[in-house]
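See below for the structure under consideration.
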Amino acid sequence: GKMSPIDFPEKQQELIEVVKALGPVSEEQLAYCDDRCLARYLRARKGNVSKAAKLLRSTLDWRAGIDMNSLRLDEFSKELKSGKMYVYGNDAEGRSILVTRKRSDAFQAGEYDHYIRHLAFTLETACRNMQSGQEAWVWIMDLGGMTRANSPPINVSMATLNILADHFPERLHRCFMVDAPAYFSVLWTALYPFIDPVTKKKVAFISSAEWRKRMEALKQQKQQGEGGAQDTPAVALPSGPAADFVPYWQVYDTAYDESAYRKLLHTVGWK
């Protein structure tokens with residue numbers, strides 16, 4: 006990937022020096038702070054070196070606290086079975102596709118630390134799985150199974166948001182929220198003030214029933230086009246980020262496959 010001026014290449018060395026001044030940096034942590042990483046933290050803080058250094062330092066400490074290298078597949082066998090949150094693969098441009106499926110089970114007391122470790126594991130998988138120099142993921146959140154009773158506690162949602170914003174900055178390309186129930190608007194309203202304005206523009210709400218009809222119509226349009234009939238009206242796509250959902254419909258509509266996911270996890274280096 007080529008560096009652009011927006012990546013602040015002239016500030017990257019300075020950023021590393023300031024991070025080192027804030028606390029010891031191991032060889033492994035230094036390797037993590039490659040040019041692409043430094044560019045993301047500088048972009049996230051609009052080129053302000055001291056703010057970017059504070060953020061990056063907090064990420065290094067957070068990663069050390071999780072101890073990324075200690076994460077193992079057998080720690081997450083329950084999650085690997087259920088398919089609550091997984092990396093599906095890549096889109097045509099090479100971005101990782103994350104999928105969250107809201108299941109009927111409620112968040113249990115005492116699950117918090119394990120949930121955070123699984124979140125870290127999945128996000129790390131999405132980063133390792135990027136292809137063609139991509140750095141940002143597409144996230145499909147299937148919220149169809151969400152109710153007031155099983156929705157995550159607000160502190161868990163806030164913690165998730167903070168981890169994404171602070172430790173995976175500049176990593177979101179699009180987020181599609183599918184079939185968010187009426188109750189979700191309560192949660193969304195509570196979280197909204199804490200979501201970065203740039204991030205808000207990347208979120209689209211999707212109705213699967215509408216899209217199923219739309220994809221059916223697109224398929225017919227394509228068949229009729231091939232059959233030479235041109236008089237069918239073109240299928241209207243929604244405006245804004247929702248229009249980008251077309252290539253991801255298939256992913257949403259494909260059931261979770263544990264063995265395929267385990268294969269992907271081995272490919273990106275998990276044991």
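Numbering (this note's numbering), first residue to last: 6 to 276. Built from N, CA and C at the ideal position, the CB exists for glycine as well.
Here Asp12 is buried, its C-beta having at least 16 other C-beta atoms within 10 Å. CA-to-CA, the gap between His178 and Met135 works out to about 12 Å.
Beta-bridge partners assigned by DSSP to Ala209: Phe181. In this structure the stretch 184-196 does not lie against the stretch 58-72, because fewer than three pairs of beta carbons, one per stretch, are closer than 8 Å. Residue environment for Val203: exposed (fewer than 16 other C-beta atoms within 10 angstroms of its C-beta). Here the stretch 102-120 makes contact with the stretch 155-170; the two share three or more CB pairs at distances below 8 Å.
Here Ile200 carries a coil assignment [DSSP, helix/strand/coil].
Exclusion of the five residues before and after Met90 leaves Thr105, Thr127 as the residues of its chain whose Cβ lies within less than 6 Å of its Cβ. Bridge partners of Arg106 according to DSSP: Asp147. With distances taken between CA atoms, Thr272 lies nearest to Arg133 out of Asp110, Tyr253, Arg133.
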